[in-house]
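*Asks:* One structure follows; several queries about it will come next.
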C-alpha cells in the first residue's frame with residue numbers, strides 16, 4: 185500500500201487475524217515508512233519488491249523490475 189490510512193487499517197487487521205489464528209504466535213507485521221510508493225522511489229529497479237503498485241493518477245502503476253506476479257482472471261492481462 186502507499187502509506188496511508190488503509191495501510192494502518194490493514195496492518196491492524198493482520199495483527200488481529202494472526203492472533204486469532206494462533207494465540208501463541210507473535211508473528212510480526214511490518215510496514216514500510218512511506219509505503220511501497222516511497223520504497224519504489226528509493227529503489228527504481230524494484231529492490232525486493234515484485235509486481236506493480238497501482239496508483240490513482242496518470243501513472244496508473246509503478247513497477248520495479250517489471251516482473252509479472254499474476255494475470256487477470258477475465259482477460260489474462262499481466263499484473
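Residue numbers (the numbering used here): 185 to 263. Cβ coordinates follow ideal geometry from the N, Cα and C atoms, glycine included.
1) For residue 236 and residue 204, what's the separation of their Cα atoms in angstroms?
2) What does the Cβ neighbour count give for residue 223, buried or exposed, with the cut at 16 atoms within 10 Å?
3) In the DSSP assignment, find the unbroken alpha helix (DSSP H) run with residue 134 in it and report its ends.
*Replies:* The short version:
1) 30 angstroms
2) buried
3) This structure cannot settle anything about residue 134, because the visible part of the chain is limited to 185 through 263.
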